[in-house]
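My numbering applies: residue 28 is where the sequence shown begins, and numbers increase by one.
Heads up, the beta-carbon is just placed ideally off N, CA and C, and yes, glycines get one too.
Right, one structure below, let's go through it.
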Amino acid sequence: MPDSTYPEPVSINEKAAPAYRTLLDIISSVEPRIAEATRAELHDQRHSLKLIASENYASLPVLATMGTWFSDKYAEGTIGHRFYAGCQNVDTVEAVAAEHACELFGADHAYVQPHSGIDANLTAYWSILAHHVEMPALAEFGSRTVNDLSQEDWDTLRHRFNDQRAIGMSLDAGGHLTHGFRPNISGKMFNQRSYGTDPTTGLLDYAKVRELALEFKPLIIVAGYSAYPRRVNFAKMREIADEIGAVLMVDMAHFAGLVAGKVFTGDEDPVPHAQVVTTTTHKSLRGPRGGMVLVTKEYADDVDRGCPMVLGGPLGHVMAAKAVALAEARTQTFRDYAQKVADNAKALAEGLMSRGVKLVTNGTDNHINLLDVTASFGLTGRQAESALLDSGIVTNRNSIPADPNGAWYTSGVRIGTPALTSRGFGAEEFDRVAALIVEALKATTPRTASSGKPGKAKYVMADGVADRVHAEADELVGNFPLYPGLEL
Ligand code: PLP
């Protein structure tokens with residue numbers, strides 16, 4: 028069995044194995060189905076090619092830290108200023124996590140309570156509004172609940188907040204729902220417009236962002252993405268924000284690991300340039316599921332009011348795990364890992380393009396590859412995602428710019444390298460991954476659904492291909508065991 032260089036040596040996993048076995052037995056004595064599902068999840072994660080760009084494998088120290096009695100403690104408020112007694116140990120946990128976050132990212136202030144990326148963004152929006160806008164009294168919406176408010180009601184509400192505006196990257200260019208789109212509260216709180224990418228190159232067009240900013244004069248410019256395969260120049264984005272007196276908020280949820288690992292530095296590091304930076308802790312950063320907000324000192328008091336303003340009580344056990352993950356991210360080992368994530372994404376891009384696959388922007392310089400499967404294979408994203416899953420390859424469908432198939436079926440498949448890089452994959456393995464993807468998708472043909480609508484995830488694969496690719500994928504991951512030595 029190869030010794031894992033990351034996340035932890037095999038010896039740690041071996042030591043942890045009896046403890047995990049005992050814990051699973053204890054869980055089983057109360058609800059055996061949960062113990063079984065937990066074992067099954069480990070089995071499934073061990074035996075699939077996990078290419079979902081937002082997923083990773085946290086280390087056992089991070090996972091173990093989440094299973095403690097900090098889960099039982101209420102601690103609304105902030106360090107040293109809680110609405111509950113007896114929070115001295117949660118104070119320690121939150122302070123250590125915030126200290127690591129500030130040192131790792133060079134931030135003035137870190138708020139480590141958000142339970143997720145969406146919560147981090149909501150906290151950030153509220154903090155910016157609280158800092159910049161006087162809130163007049165809200166009333167006059169009768170007995171209706173907020174869910175019943177019509178778009179006109181929201182428009183009225185927004186006007187009470189002086190019609191605050193925000194701009195963010197459009198969804199089909201790779202932005203996230205929380206960057207001002209209707210299914211998320213940000214699309215209701217703000218009068219929102221979006222900026223896209225250049226239709227020819229697929230790259231972010233800073234001149235167009237500036238044009239929109241000058242015309243629309245938003246309070247907030249949101250930068251960051253979920254599916255854009257390139258780096259962003261945050262110095263340029265800050266220049267645009269400064270020109271109109273806007274706040275630059277960067278959502279680095281996807282690439283926080285590349286910032287922490289010093290792959291993105293200078294103009295590509297958002298922290299020196301943005302007043303507010305939000306992130307998740309579980310994607311490329313490899314921590315527990317959760318969020319964080321990093322701010323300049325002017326916003327520190329506002330962001331610290333996140334709970335109970337917009338967040339539920341802090342999860343002490345998860346903040347503790349964030350502290351452990353951030354301590355890991357401060358090591359040279361993590362820096363090497365982050366560099367490999369980016370190198371592997373390039374190797375994967377080359378492997379795909381050399382086999383005739385069209386990639387949005389013709390390549391990558393972060394951790395994401397966005398395949399145009401309609402142009403490359405005549406499939407919708409949904410068909411390709413399903414065919415790949417049948418072949419043991421886990422990806423997700425994604426819109427591409429100006430997507431002809433819409434946001435549900437899509438024309439794209441998004442692929443990321445953070446998880447398999449954690450297992451030890453290098454350029455050679457990612458070239459094999461590219462070959463397997465192409466083999467599976469070349470053998471897939473669309474079938475029109477009886478309704479006559481194209482796409483409905485209906486497809487046929489040539490006989491035996493899914494099984495053959497699945498077997499090869501299994502062999503490939505088998506060479507890089509997940510948590511080696513952790514035998515349950
Ligand atoms: N921000 C970005 C850029 C994301 O990609 C995501 C999730 O995919 C989120 C925020 C939301 O994170 P969470 O699922 O933790 O709420």
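Residue pairing by DSSP places A250 opposite V277 in a beta bridge. Taking 6 Å as the cut-off, one finds at least one heavy atom of the ligand PLP near enough to the beta carbon of A280. Distance check between I395 and each of L230, R459, R66, S81 places S81 closest, using alpha-carbon atoms only.
For the 7 Å CB-CB criterion, D296 and V286 form a contact. Distance between H281 and R441, taken at the CA atoms: about 13 Å. As the crow flies, the alpha-carbon of A489 is around 5 Å from that of A470. Not one heavy atom of the ligand PLP is found less than 6 Å from the C-beta of H394.
Of D182, A128, R220, I212, the smallest CA-CA separation from M196 is found for R220.
Its Cα nearest to that of V337, the residue A151 stands out among A151, D417, L312. For the alpha helix (DSSP H) assignment, the uninterrupted runs of no fewer than 4 residues enclosed by the stretch 118-160 are, from N- to C-terminal side, 144-159.
For P45, the enclosing alpha helix (DSSP H) stretches over residues 37-57. Take S403, set aside five residues on each side of it, and the residues of its chain with a beta-carbon closer than 6 Å to its own are V384, K385, in chain order. Within the model, the alpha-carbon separation for S56 versus G202 is close to 45 Å. Judged by pairs of C-beta atoms under 8 Å, the stretch 126-142 does not touch the stretch 364-379, as fewer than three such pairs exist.
The nearest non-hydrogen atom of the ligand PLP is 6 Å or more from the C-beta of H497.
When the alpha-carbon of W435 is set against those of D199, K373, I420, V496, the nearest one is in D199. Going by beta carbons, G390 and G439 fall outside the 7 Å limit. For A102, the closest of G433, G113, E58 by C-alpha to C-alpha distance is G113. When the five nearest sequence neighbours on each side are left out, the beta carbons in the same chain lying within less than 6 Å of the beta carbon of R357 are those of L131, in order along the chain. L321 places its beta carbon less than 7 Å from that of A134. If you compare the alpha carbons of D328, L416, K373, S311 with that of D71, the shortest gap goes to L416. Rounded to the nearest whole angstrom, the CA to CA distance from L204 to P45 is 42 Å. DSSP places P473 in the strand class (E or B) of the three-state scheme.
Taken atom to atom, the span from the alpha-carbon of Y233 to that of Q178 is near 31 Å. Under the DSSP assignment, A350 falls in the alpha helix (DSSP H) whose first and last residues are 343-356. Where R450 is concerned, there is no enclosing alpha helix (DSSP H), because DSSP gives it neither an H nor an E.
In this structure, DSSP gives S213 a helical state, which the three-state scheme calls helix.
The stretch 305-321 and the stretch 344-362 touch, with three or more beta-carbon pairs separated by less than 8 Å. One Cα belongs to E126, the other to V330, and the distance between them is close to 16 Å. A residue is called buried when at least 16 other Cβ atoms come within 10 angstroms of its Cβ; W96 does not meet this threshold and is exposed. In the three-state scheme derived from DSSP, where H, G and I count as helix and E and B as strand, I427 is classed as coil.
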